[in-house]
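Asker: Numbering (this note's numbering), first residue to last: 1 to 147.
We put the beta carbon where it would ideally sit given N, CA and C, even for glycine.
Computed from a prediction, not measured in an experiment: that's the story for all the values here.
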(Lines of atoms letter the chains of each structure in order from A and count residues from 1; the text may use other names and numbers.)
(Lines give C-alpha, C1' and ligand atoms only; values in the text may rest on other atoms or scores of the structure.)
Protein backbone atom coordinates (compact mmCIF):
# COMPACT_ATOMS: atom_id res chain seq x y z
CA UNK A 1 0.00 0.00 0.00
CA UNK A 2 1.31 3.45 -0.87
CA UNK A 3 0.40 6.29 1.45
CA UNK A 4 0.86 9.87 0.31
CA UNK A 5 1.60 12.45 2.98
CA UNK A 6 3.16 15.87 2.74
CA UNK A 7 6.79 16.55 3.57
CA UNK A 8 5.61 18.56 6.59
CA UNK A 9 3.44 15.68 7.82
CA UNK A 10 6.35 13.27 7.36
CA UNK A 11 8.73 15.46 9.34
CA UNK A 12 6.25 16.08 12.17
CA UNK A 13 5.28 12.39 12.36
CA UNK A 14 8.94 11.38 12.37
CA UNK A 15 9.60 13.61 15.39
CA UNK A 16 6.51 12.29 17.21
CA UNK A 17 7.47 8.66 16.58
CA UNK A 18 11.12 9.23 17.46
CA UNK A 19 10.12 10.82 20.75
CA UNK A 20 7.80 7.86 21.43
CA UNK A 21 10.60 5.39 20.66
CA UNK A 22 13.07 7.19 22.90
CA UNK A 23 10.75 8.05 25.80
CA UNK A 24 8.12 5.35 25.60
CA UNK A 25 5.41 8.00 25.88
CA UNK A 26 3.00 8.84 23.10
CA UNK A 27 1.96 12.40 23.74
CA UNK A 28 1.52 15.42 21.55
CA UNK A 29 3.86 18.36 22.13
CA UNK A 30 2.25 20.50 19.46
CA UNK A 31 -1.15 20.65 17.79
CA UNK A 32 0.61 20.02 14.47
CA UNK A 33 1.41 16.48 15.66
CA UNK A 34 -2.26 15.82 16.36
CA UNK A 35 -3.18 17.23 12.94
CA UNK A 36 -0.61 14.98 11.22
CA UNK A 37 -2.01 11.91 13.02
CA UNK A 38 -5.59 12.89 12.11
CA UNK A 39 -4.55 13.38 8.47
CA UNK A 40 -2.87 9.97 8.43
CA UNK A 41 -5.93 8.35 10.01
CA UNK A 42 -8.16 9.95 7.35
CA UNK A 43 -5.92 8.58 4.59
CA UNK A 44 -6.07 5.10 6.14
CA UNK A 45 -9.86 5.30 6.56
CA UNK A 46 -10.20 6.04 2.85
CA UNK A 47 -7.74 3.30 1.83
CA UNK A 48 -8.83 0.43 4.08
CA UNK A 49 -11.99 -1.64 3.72
CA UNK A 50 -11.20 -3.96 6.65
CA UNK A 51 -12.54 -1.68 9.43
CA UNK A 52 -16.00 -1.94 7.85
CA UNK A 53 -16.01 -5.75 7.74
CA UNK A 54 -17.65 -7.89 10.42
CA UNK A 55 -14.38 -9.87 10.63
CA UNK A 56 -12.36 -6.72 11.44
CA UNK A 57 -11.25 -7.86 14.92
CA UNK A 58 -10.04 -11.19 13.54
CA UNK A 59 -8.24 -9.48 10.66
CA UNK A 60 -6.64 -7.04 13.09
CA UNK A 61 -5.47 -9.88 15.37
CA UNK A 62 -3.98 -11.72 12.38
CA UNK A 63 -2.20 -8.57 11.17
CA UNK A 64 -0.77 -8.00 14.64
CA UNK A 65 0.46 -11.61 14.73
CA UNK A 66 2.23 -11.13 11.40
CA UNK A 67 3.87 -7.89 12.53
CA UNK A 68 4.83 -9.02 16.03
CA UNK A 69 8.35 -10.26 16.62
CA UNK A 70 8.66 -14.01 16.24
CA UNK A 71 8.02 -15.96 19.40
CA UNK A 72 10.80 -17.18 21.64
CA UNK A 73 13.21 -14.44 20.56
CA UNK A 74 13.95 -13.60 24.16
CA UNK A 75 13.79 -16.99 25.82
CA UNK A 76 16.95 -18.22 27.53
CA UNK A 77 17.76 -20.92 24.94
CA UNK A 78 17.41 -18.59 21.96
CA UNK A 79 19.46 -15.91 23.69
CA UNK A 80 22.18 -18.40 24.63
CA UNK A 81 22.42 -19.50 20.99
CA UNK A 82 23.16 -15.85 20.15
CA UNK A 83 25.87 -15.73 22.82
CA UNK A 84 23.77 -13.60 25.18
CA UNK A 85 23.45 -14.00 28.92
CA UNK A 86 20.28 -13.79 30.97
CA UNK A 87 20.26 -10.96 33.48
CA UNK A 88 17.39 -10.91 35.94
CA UNK A 89 16.51 -7.39 36.98
CA UNK A 90 13.62 -5.82 38.81
CA UNK A 91 11.39 -3.61 36.62
CA UNK A 92 12.64 -0.55 38.53
CA UNK A 93 16.23 -1.46 37.65
CA UNK A 94 15.30 -1.74 33.99
CA UNK A 95 13.54 1.65 34.20
CA UNK A 96 16.77 3.03 35.70
CA UNK A 97 18.82 1.74 32.74
CA UNK A 98 16.46 3.44 30.32
CA UNK A 99 16.71 6.71 32.25
CA UNK A 100 20.51 6.53 32.24
CA UNK A 101 20.42 6.15 28.46
CA UNK A 102 18.41 9.38 28.21
CA UNK A 103 21.14 11.20 30.15
CA UNK A 104 23.81 10.40 27.57
CA UNK A 105 25.17 13.39 25.75
CA UNK A 106 25.02 13.62 21.97
CA UNK A 107 28.75 14.36 22.20
CA UNK A 108 29.47 10.83 23.47
CA UNK A 109 31.41 8.70 20.97
CA UNK A 110 29.14 7.01 18.45
CA UNK A 111 29.97 3.54 19.79
CA UNK A 112 28.88 4.59 23.30
CA UNK A 113 25.62 6.03 21.96
CA UNK A 114 25.02 2.85 19.95
CA UNK A 115 25.69 0.53 22.89
CA UNK A 116 23.43 2.55 25.21
CA UNK A 117 20.78 2.58 22.49
CA UNK A 118 20.91 -1.22 22.24
CA UNK A 119 20.71 -1.61 26.02
CA UNK A 120 17.77 0.80 26.18
CA UNK A 121 16.00 -0.99 23.31
CA UNK A 122 16.37 -4.36 25.03
CA UNK A 123 15.28 -2.85 28.34
CA UNK A 124 12.15 -1.33 26.79
CA UNK A 125 11.45 -4.60 24.96
CA UNK A 126 11.70 -6.53 28.24
CA UNK A 127 9.24 -4.16 29.91
CA UNK A 128 6.88 -4.39 26.94
CA UNK A 129 6.97 -8.19 26.88
CA UNK A 130 6.24 -8.19 30.62
CA UNK A 131 3.25 -5.91 30.04
CA UNK A 132 4.85 -3.06 32.00
CA UNK A 133 4.67 0.50 30.70
CA UNK A 134 7.88 2.50 30.80
CA UNK A 135 7.65 5.14 33.50
CA UNK A 136 9.93 8.15 33.05
CA UNK A 137 10.10 8.62 36.80
CA UNK A 138 12.99 6.94 38.59
CA UNK A 139 13.32 6.60 42.37
CA UNK A 140 15.37 9.51 43.66
CA UNK A 141 16.97 7.74 46.62
CA UNK A 142 18.06 4.31 47.77
CA UNK A 143 15.19 4.33 50.27
CA UNK A 144 12.73 4.65 47.36
CA UNK A 145 14.27 1.55 45.77
CA UNK A 146 13.75 -0.47 48.95
CA UNK A 147 10.05 0.36 49.20
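1. For residue 134, name the three-state secondary structure that DSSP assigns.
2. Decide yes or no for the touch test of the stretch 128-137 against the stretch 80-96: beta carbon pairs closer than 8 Å, at least 3 of them.
3. Look up residue 129 in the DSSP assignment and say whether it is helix, strand or coil.
4. Please list, in chain order, all residues of the same chain as residue 43 whose beta carbon is under 8 Å from its beta carbon, the five residues on each side excluded.
5. If you draw a straight line from the alpha carbon of residue 80 to that of residue 16, how long is it in whole angstroms?
6. Do the stretch 26-42 and the stretch 7-14 make contact, defined as three or more Cβ pairs closer than 8 Å?
7. Decide if residue 120 is buried, meaning its Cβ has at least 16 other Cβ atoms within 10 Å, or exposed.
8. Measuring alpha carbon to alpha carbon, tell me which residue in 127, 130 and 14 is nearest residue 34.
9. Along the chain, where does the alpha helix (DSSP H) that runs through residue 39 open and close?
10. Where does residue 107 sit, in a helix, a strand or coil, going by DSSP?
11. Please report how far the alpha carbon of residue 63 lies from the alpha carbon of residue 54, in whole angstroms.
Answerer: This is what the structure holds:
1. coil
2. yes
3. helix
4. 3, 4 and 5
5. 35 Å
6. yes
7. buried
8. 14
9. 31-47
10. coil
11. 15 Å
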